[in-house]
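J.: Got a structure for you, questions after.
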Amino acid sequence: MQKFRLEGKSAIVTGGSKGIGFGIATALAEAGAGIALVARNQGDLERAQSTLRDLSSETVEIYPFDMSIVEDIPALFTQISTEMNGIDILVNNAGGTRRGPAELVAIEDWQFVITLNVTSVFVMSQAFARERIQRQGGGKIINIASIMSEVVREDNAPYAASKGAIRQLTKSLAIDWAKHKINVNGIGPGYIKTELTQPLWEDEEFSNRILEKTPLARWGDPDDIGSVAVFLASAASDFMTGQIVYPEGGILSRF
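According to the working numbering, the stretch in the sequence shown is residues -1 to 253, in order.
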């Protein structure tokens, strides 16, 4: 369907060199968008860029950057937008966690997670919105939330708090920027097979517990998230804002 095509659009994907972020970047590129990948590791970015250039004739640029350095994000956005001739789609995917019992979490670890998972999303979204408003509005923001925006696991207080915040931030920005025709939605992945989660899905006991709880009885793949991202980035979702879509195999529906 033509409504799902993204030719002529440019997208930023933070944390886009591996895992879910790369799955999203791949899907957007296959739909016709130019891609700007942001991640910390130059080597990972170069490998991702090479793969995407084999898939798509559209522009694929890379930007090594640590999203926890929030004071430098506006300058980064300006650089990317200038070099890409404007940005139409922003995917806020970069994130991290620090696990441990809540009573033992160091304030430095708490601040790291909140800064990376929440503050960076707000600052990047703000930079995007300011430019889109100057360009007479329009645009799509996709925030990567989590099933932990809704439910929690033990020893994950900073991460759960950050993803709960992303759910509400998504709604707030959607309301504030609707008048500028900027759609703000989110994706809350379930258990997805990536390099980051490899210790979990390789743990047979843990993996079996997840499969038992998941009605579709499998781990998700980054492609599963990419497909949802294309919908939210495209004209097909023009009447949708302030929502979190949960590609999670049904785990949230099971009591």
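Ideal placement from N, C-alpha and C gives every residue a C-beta, glycine not left out.
Since this is a predicted model, take the numbers as computed values, not measurements.
Take the Cβ of Arg165 as the centre, count every other Cβ of all protein chains shown within 10 Å, and call the residue buried at 16 or more, exposed below.
T.: buried
J.: Let me confirm a value: Gly248 is counted as buried when at least 16 other C-beta atoms fall within 10 Å, else exposed. Which label applies?
T.: exposed
J.: In this structure, does DSSP put Ala231 in helix, strand or coil?
T.: helix
J.: Apply the 10 Å Cβ neighbour rule to Ala104 and answer buried if 16 or more other Cβ atoms are within range, or exposed otherwise.
T.: exposed
J.: Going residue by residue through the region 18 to 64, where are the continuous beta strand (DSSP E) segments of at least 3 residues, counting only ones entirely within it?
T.: 32 to 37, 58 to 62
J.: Can you tell me where the alpha helix (DSSP H) holding Asn83 begins and where it ends?
T.: From DSSP, Asn83 is part of no alpha helix (DSSP H); its letter is neither H nor E.
J.: Do the CB positions of Asn183 and Ser232 come within less than 8 angstroms of each other?
T.: Contact: no.
J.: Considering only their Cβ atoms, is the gap separating Gly93 from Leu114 smaller than 8 angstroms?
T.: Yes, they are a contact pair.
J.: Where Leu214 and Ile78 are concerned, what is the direct C-alpha to C-alpha distance, given to the nearest angstrom?
T.: 39 angstroms
J.: At the level of alpha carbons, what is the spacing between Ala258 and Thr212?
T.: Shown here, the chain extends from -1 to 253; a query on residue 258 therefore has no answer.
J.: What does a CB cutoff of less than 6 angstroms around Ser8 pick up in its chain, not counting 5 residues either side in sequence?
T.: Gly32, Met82, Ile85, Asp86
J.: Between the C-alpha atoms of Asp221 and Asp174, what's the straight-line distance to the nearest angstrom?
T.: 31 angstroms
J.: Helix, strand or coil: which one does DSSP assign to Met88?
T.: In the sequence as presented, Met is not what sits at residue 88; that position holds Leu. Looking at Leu88 - three-state DSSP - the assignment turns out to be strand.
J.: In the DSSP output, what is Val119 paired with across the bridge?
T.: Paired residue(s): none; Val119 is not in a bridge.
J.: Just the C-alpha distance for Glu56 and Asn90, rounded to the nearest angstrom, thanks.
T.: 21 angstroms
J.: Tell me whether Phe20 is buried or exposed, calling it buried when 16 or more other Cβ atoms sit within 10 Å of its Cβ.
T.: buried
J.: I'd like to know if the region 240 to 247 and the region 34 to 46 are in contact, where contact means that at least 3 CB-CB pairs between them fall below 8 angstroms.
T.: no
J.: How many angstroms separate the CA atom of Asp107 from the CA atom of Gln0?
T.: 45 angstroms
J.: Using three-state DSSP, classify Thr192 as helix, strand or coil.
T.: Of the three classes helix, strand and coil, the one that applies to Thr192 here is coil, per DSSP.
J.: Less than 8 angstroms between the C-beta atoms of Pro187 and Ile18, yes or no?
T.: yes
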